[in-house]
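Let me begin by presenting the structure, written as structure tokens, before commenting on it.
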Amino acid sequence: MPADFNGYWKMLSNDNFEEYLKALDVNVAVRKIANMLKPDKEIIQDGDHMIIKTLSTFKNYIMDFYIGQEFEEDLTGVDDRKCMTCVTWDGDKLLCVQKGEKEGRGWTQWIEGDEMHLEIRACGVKCKQVFKKVQ
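So the sequence shown is numbered by this note's numbering: it starts at 1075 and just counts up by one.
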């Protein structure tokens, strides 16, 4: 049985985020704002259907997908690109591959206790985020 990501998660840490945004060519003004944010995640998981909401005072981002089905992801507001995205299970971890302009783009998400870990990657740069489940 795959991991249960359902719930509301508050950010605890966000390591190397600015370098990750630089790898995506995000402009300096947006990087400065984004680096000050501590977004929450609300995740709704229903079988192979998942909705991951990234919520902040600056901008909200909603990712709605089915596990194992490739889809076009519109990253307007992140780095203003589109890519072909596929999220699959790797044991108890979610593994996302985003094919587009940037090499090696994607993320891995997993749960340890009441914490959710998220490693986001692009162009050889890794950012590690940790969230705590609050409901």
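Note that beta-carbon positions come from the ideal geometry of N, C-alpha and C, so glycine has one too.
For residue j and residue i, believed in contact at Cβ under 8 Å, the rounded distance
| i | j | result |
| --- | --- | --- |
| residue 1090 | residue 1200 | 6 Å |
| residue 1183 | residue 1087 | That pair is no contact at about 15 Å. |
| residue 1148 | residue 1100 | That pair is no contact at about 16 Å. |
Top-ranked residue by Cα proximity to residue i, from the options
| i | options | result |
| --- | --- | --- |
| residue 1155 | 1165, 1121, 1172, 1111 | 1172 |
| residue 1076 | 1094, 1125, 1141 | 1141 |
| residue 1190 | 1176, 1177, 1209 | 1209 |
| residue 1079 | 1188, 1196, 1194 | 1188 |
| residue 1157 | 1174, 1197, 1195 | 1174 |
| residue 1197 | 1098, 1152, 1165, 1104 | 1098 |
| residue 1170 | 1092, 1126, 1207 | 1126 |
Separation of residue j from residue i, as counted between CA atoms
| i | j | result |
| --- | --- | --- |
| residue 1139 | residue 1129 | 17 Å |
| residue 1123 | residue 1115 | 16 Å |
| residue 1118 | residue 1136 | 11 Å |
| residue 1083 | residue 1132 | 17 Å |
| residue 1144 | residue 1096 | 26 Å |
| residue 1185 | residue 1167 | 8 Å |
| residue 1121 | residue 1113 | 25 Å |
| residue 1161 | residue 1180 | 9 Å |
| residue 1164 | residue 1176 | 22 Å |
| residue 1103 | residue 1094 | 15 Å |
| residue 1081 | residue 1159 | 23 Å |
| residue 1205 | residue 1193 | 11 Å |
In DSSP terms, what residue i is bridged to
| i | result |
| --- | --- |
| residue 1173 | 1158 |
| residue 1119 | 1124 |
May I have a chain-ordered list of the beta strand (DSSP E) segments no shorter than 3 residues that lie completely inside the region 1176-1209?
-> 1179-1186, 1189-1196, 1199-1207
Pick out the complete alpha helix (DSSP H) segments inside the region 1090-1116, 4 residues or longer, and give them in chain order.
-> 1091-1097, 1102-1110
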